[in-house]
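Visitor: Questions regarding the structure given below will be posed in turn.
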Amino acid sequence: MVARFGIDDVRPQVSGRTLPAKAVVGEVVPVSALVWREGHDAVGATLQVTSPSGAEYAIAMQPEAYRPDYVHAVFVPDEQGLWRFRVDAWSDVLATWRNAASKKLAAGQTAEEMANDLAHGAALFKAAGKKRLSTLLVDDTVPLADRVNEAVHAEVEPLRELLSHGPICDVYVERRQALVNSWYELFPRSTGGVDAKGNPVHGTWATTAKALDRVAAMGFDTVYFPPIHPIGEVNRKGRNNTLTPEPGDVGSPWAIGSAAGGHDTFHPELGGEEEFLDMMDHADELGLEIALDLALQAAPDHPWAKDHPEFFTVLADGTIAYAENPPKKYQDIYPINFDNDPEKIYAEIYRVVMYWVNLGITTFRVDNPHTKPVNFWHWLITKVHETDPDVIFLAEAFTRPPRMYGLSKAGFSQSYTHFTWKTSKADLTDFGQLLIDVADISRPNLFVNTPDILHESLQKGGPAMFALRATLAATMSPLWGVYSGYELYEHEPVHEGSEEYLDSEKYQLRPRDFEAALARGESLEPYITMLNRIRRENPALQQLRNLHFHDISNDQLIAYSKVDAITGNAVLVVVNLDPYYTQDGILRLNLSEIGINPGESFEVTDQITGATYTWGAENYVRLAPQQNVAHIFVLPNISSERRPGTAYRRISDHDYRP
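Taking the UniProt record's numbering, the leading residue of the sequence shown gets 1, the next gets one more, and so forth.
Here it is as structure tokens:
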């Protein structure tokens, strides 16, 4: 059925309203719509919002500056659950009258010629409860211009006629940590240090608990552990992924399962459930959340391989197929075949997940979710959230965009991204725009490195490259992550042209002496600590949809700002993308995006150095990587009436960019 007024292109809206958009508690959620009608009469719009508990809000929508007939508004959810919103359109009869009366007065029409307009206006203002204005409009003893001008500029609640309802849209709101979070990845088995002979000692939950103190001091929120389960003995990989392990080689933790147990079992050398819970208690005291790896695959000696061969693909010769990505072979891993016995497989995986949830785990980093059916993930995440809505799922899916965003739509709270490979100014600018485009469905977690990804830029860029990449990740998104060793500038690949680490921690213990490196001044730890502090202190860096790039006359310099629409906090970041040489240029600010009047001067304070400068629309910037790779400026707080508009663009379901 066609409504009285047109209400089109309502956003956020995902997959034709079959799935909810995403938000978190305290996030500014922008809503926009194309609202139109016949003729020249004014049309108004209202955003109607309903919270999960049933509270209803009506928010006036404003015309967009750059898109005719579009209106926008924002709402800030204050509770978890499913929120609903609707855009209503209506005939704004007071605005129509004011427009016509102003034009007729300006054209020189007399009171006699405007008699009908004055009578109509008097009736409207009476209906609006403004009796004095109603009387004034028809008072011939008062000059016509005075009567009309007062009525035109008076503050009056609009009169709504011919109300039309738009479609009902859903927004699923999670806890704030699903959007605002700093992650640190470490291997518990590498926390044991070395013995008297300098040989690595396998870590335990007690040594892991001690390692958490340093991570908390750096300001991280979540500590992610790779798989903590028994590791397969059959086809175990040796150091640097060799097929011929030496005695004592610990194997890859992603080769899950042995005679000691499977996905619901602790690695025997780490300790048992009691020790694990003691570590969890210590993490809670430090304000840290523990994330576990959910890797749905099995070693050849996992109990599933014996008890449930139907979980896997059985070949013609009766053997179970191991994982392959030709020409790569992963003989130590059996992938699950979700189509063989889905009912039993689904139930078993749900049981495993809930075992860890019941132990207090509320965050899972999911390994390679794009190699499993997306409908399975939608089922699992929905079912977990029925009883435990706080659980966060991070998708480790370095894959093509339709798969990445399809997983986000299916329910993943966060996603890895292609940030690691975006190093040029052009690539980073396009990538930053994409973050905004997909913000309704996907929350990007910008990991600077992973055990699998040592980008060429880190191999060759030196300490400055590590600092500038951390700055970009920590300020472009409210979510960022670091894999242990990054702060020590670990950069050696297993061979030229590879992104694998030499002596990868995936296949051996890697104890690290962080204190010694810090004492020698060879650690990025203080800089990372500062970045996390700046993120906590500036709400602008805790929002996703507010990234704006500014022009700067050097392709080795990139500049962008972020503004928090709630507090008016504004941050401007300038980064030197060249880790070797000093770069300078002229920064031309889009003042409207940072709430500054044209021609106005203002103070900026660098959060890295503490220096304060007086700036205007154009400013000279110089960054020497040997001193500082970036400026992170806090700008004057923006007044509520000057905060940037909330209009935004989102890609369609089929308009994906790599």
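Idealized CB from N, CA, C, for every residue including glycine.
(1) From THR18 to ILE392, what distance separates their C-alpha atoms?
(2) Using a Cβ-Cβ cut-off of 8 angstroms (strictly less than) and excluding sequence neighbours within five positions of LEU488, which residues of its own chain qualify?
(3) Within a Cβ cutoff of 8 angstroms, which residues of the same chain sit near GLU593, ignoring the five residues on either side of it in sequence?
(4) Quick one: what does DSSP say VAL49 is sitting in, helix, strand or coil?
(5) Would VAL2 be called buried (16 or more neighbouring beta carbons within 10 Å of its own) or exposed?
(6) For ALA559, report the span of its beta strand (DSSP E) as first-last.
(7) Let me make sure I understand the geometry here. Which of ALA570, GLY39, VAL71 has the alpha-carbon closest to that of SER32?
(8) Entirely within the segment 436-484 and at least 3 residues each: give me those beta strand (DSSP E) ranges in chain order.
(9) Count the C-beta pairs between the segment 178-190 and the segment 458-465 that are closer than 8 angstroms, then say yes if the count reaches three, no if not.
(10) Which residues mark the beginning and the end of the beta strand (DSSP E) in which ASP278 is found?
(11) Looking only at C-alpha atoms, which of ASP278, TRP36, GLN62 sits nearest to residue 659?
(12) Starting from ASP213, trace the alpha helix (DSSP H) both ways and give me its first and last residue.
(13) Would you check if there are 3 or more beta carbon pairs closer than 8 angstroms linking the segment 428-436 to the segment 471-480?
(14) Between which two residues does the beta strand (DSSP E) holding ARG365 run?
(15) Quick one: Cα of ILE566 to Cα of PHE633, how far?
(16) Tell me the start and end of each unbroken alpha helix (DSSP H) in the segment 601-641 that is at least 4 residues and wholly inside, in chain order.
(17) Quick check: what's the CA-CA separation for LYS131 versus LEU159?
(18) So if DSSP puts ALA410 in a beta bridge, which residue, or which two residues, is it bridged to?
(19) Could you please give the first and the last residue of the uninterrupted alpha helix (DSSP H) stretch that includes VAL93?
(20) Suppose you measure from the CA of LEU472 to the CA of VAL575; what does that come to, to the nearest Å?
(21) Please state whether DSSP places TYR501 in a helix, a strand or coil.
(22) Note down the Cα distance separating LYS328 from LEU212, rounded to an integer number of angstroms.
(23) So, helix, strand or coil for ASP655, using DSSP?
(24) Is the beta carbon of MET114 sitting closer than 9 angstroms to the one on VAL148?
(25) Can you round the beta-carbon distance between LEU82 and PRO167 to whole angstroms, since I take them to be within the 8 angstroms contact cut?
(26) For LEU124, which residues in the same chain have their Cβ closer than 7 angstroms to its Cβ, ignoring the five residues on either side in sequence?
(27) Give me the Cα-Cα distance between residue 679 and GLY599, rounded to the nearest whole angstrom.
(28) Would VAL384 and TYR355 be called neighbours here (beta carbons separated by less than 9 angstroms)?
(29) Return the residue from the list ALA570, ALA519, ARG239, HIS308 that minimises the CA-CA distance to ASP249.
(30) Run the CB neighbour count on LYS409, radius 10 Å, all protein chains shown included, and call it buried at 16 or more, exposed below.
(31) By Cβ distance below 8 angstroms, which residues in the same chain neighbour LEU591 in space, the five residues on each side in sequence not counted?
(32) Using DSSP bridges, identify the partner residues of ASP170.
(33) Measuring only between beta-carbons, confirm whether LEU144 sits less than 9 angstroms from chain D.
(34) Does DSSP put LEU434 in a helix, a strand or coil?
(35) Have a look at LEU428 and ILE528 and give me their C-alpha separation to the nearest angstrom.
(36) Between PRO77 and VAL171, is the Cβ-Cβ spacing less than 9 angstroms?
Guide: In short, the structure shows the following:
(1) In the sequence shown, residue 18 corresponds to position 18, counting from 1. In the sequence shown, residue 392 corresponds to position 392, counting from 1. If you draw a straight line from the Cα of THR18 to the Cα of ILE392, it is about 21 angstroms long.
(2) Residue numbering aside, residue 488 sits at position 488 when the sequence shown is read from its first letter. Counting only Cβ-Cβ distances below 8 angstroms, and skipping sequence neighbours, we find ARG512, PHE514, ALA517, GLU522, SER523, LEU524.
(3) On the sequence shown, position 593 is the one that residue 593 refers to. Cβ neighbours of GLU593 beyond the five flanking positions: HIS548, HIS550, SER561, VAL563, PRO644.
(4) In the sequence shown, residue 49 corresponds to position 49, counting from 1. Strand, per DSSP.
(5) To locate residue 2, count along the sequence shown from 1; it is residue 2. Exposed, since its Cβ has fewer than 16 Cβ neighbours within 10 Å.
(6) By 1-based counting over the sequence shown, the position of residue 559 is 559. First-last of the beta strand (DSSP E) with ALA559: 557-563.
(7) Mapped onto the sequence shown, residue 32 falls at position 32. The shortest C-alpha separation from SER32 is found at VAL71.
(8) The beta strand (DSSP E) runs lying completely inside the segment 436-484 and spanning 3 residues or more are 445-447, 479-483, given in chain order.
(9) Under the 8 angstroms Cβ criterion, the segment 178-190 does not count as touching the segment 458-465, having fewer than three qualifying pairs.
(10) Position 278 of the sequence shown, counted from the first residue, corresponds to residue 278. Element bounds for ASP278: not the beta strand (DSSP E) but the alpha helix (DSSP H), 273-286.
(11) With the chain represented from 1 up to 658, any question about residue 659 goes unanswered, as that position is not in the structure.
(12) Mapped onto the sequence shown, residue 213 falls at position 213. Start and end: 205-217.
(13) yes
(14) The residue given as residue 365 occupies position 365 in the sequence shown. Start and end: 363-367.
(15) For the purposes of this step, residue 566 is taken as residue 566 along the sequence shown, with counting starting at 1. For the purposes of this step, residue 633 is taken as residue 633 along the sequence shown, with counting starting at 1. Cα to Cα, ILE566 sits roughly 19 angstroms from PHE633.
(16) none
(17) Position 131 of the sequence shown, counted from the first residue, corresponds to residue 131. Position 159 of the sequence shown, counted from the first residue, corresponds to residue 159. The alpha-carbon atoms of LYS131 and LEU159 are separated by roughly 15 angstroms.
(18) What you label residue 410 is simply residue 410 of the sequence shown in a count that begins at 1. Looking at the DSSP assignment, ALA410 forms no beta bridge with any residue, so it has no partner.
(19) Start at 1 with the first residue of the sequence shown, and residue 93 comes out as number 93. It spans 93-106 - the alpha helix (DSSP H) in which VAL93 sits, taken as one unbroken run.
(20) By 1-based counting over the sequence shown, the position of residue 472 is 472. By 1-based counting over the sequence shown, the position of residue 575 is 575. Distance between the alpha carbons of LEU472 and VAL575 is about 8 angstroms.
(21) To locate residue 501, count along the sequence shown from 1; it is residue 501. DSSP places TYR501 in strand when its eight states are reduced to three.
(22) To locate residue 328, count along the sequence shown from 1; it is residue 328. To locate residue 212, count along the sequence shown from 1; it is residue 212. Going from the Cα of LYS328 to the Cα of LEU212 covers about 35 angstroms.
(23) Counted from its first residue, the sequence shown places residue 655 at position 655. Model confidence at ASP655 stands at a pLDDT of 34, short of 50, so the residue's coordinates are unreliable and nothing is read from them.
(24) Looking up residue 114 in the sequence shown gives position 114. Looking up residue 148 in the sequence shown gives position 148. Yes, Cβ-Cβ distance for MET114 and VAL148 is below 9 angstroms.
(25) For the purposes of this step, residue 82 is taken as residue 82 along the sequence shown, with counting starting at 1. For the purposes of this step, residue 167 is taken as residue 167 along the sequence shown, with counting starting at 1. So it is not a contact: roughly 16 angstroms between Cβ atoms.
(26) Stepping through the sequence shown from its first residue, residue 124 is reached at position 124. Only VAL93, LEU94, TRP97, LEU159 meet the Cβ criterion.
(27) Residue 679 falls outside the range modelled here, since the chain spans only 1 to 658, and no answer is possible.
(28) Start at 1 with the first residue of the sequence shown, and residue 384 comes out as number 384. Start at 1 with the first residue of the sequence shown, and residue 355 comes out as number 355. Not closer than 9 angstroms, so no.
(29) Translated into positions along the sequence shown, residue 249 becomes position 249. The shortest C-alpha separation from ASP249 is found at ARG239.
(30) Residue mapping note: residue 409 aligns to position 409 of the sequence shown, counting from 1. So LYS409 counts as buried.
(31) Start at 1 with the first residue of the sequence shown, and residue 591 comes out as number 591. So the qualifying residues of the chain are ASN597, PRO598, GLU600, ALA617.
(32) For the purposes of this step, residue 170 is taken as residue 170 along the sequence shown, with counting starting at 1. Beta-bridge pairing links ASP170 to ARG84.
(33) Absence of chain D from the displayed structure is noted, only one protein chain being present.
(34) To locate residue 434, count along the sequence shown from 1; it is residue 434. Correct three-state label for LEU434: helix.
(35) Reading the sequence shown from its first residue, position 428 is the one you call residue 428. Reading the sequence shown from its first residue, position 528 is the one you call residue 528. Approximately 21 angstroms, taken between the alpha carbons.
(36) As a first step, residue 77 must be located in the sequence shown, where it is residue number 77. As a first step, residue 171 must be located in the sequence shown, where it is residue number 171. Yes, these two residues count as a Cβ contact at 9 angstroms.
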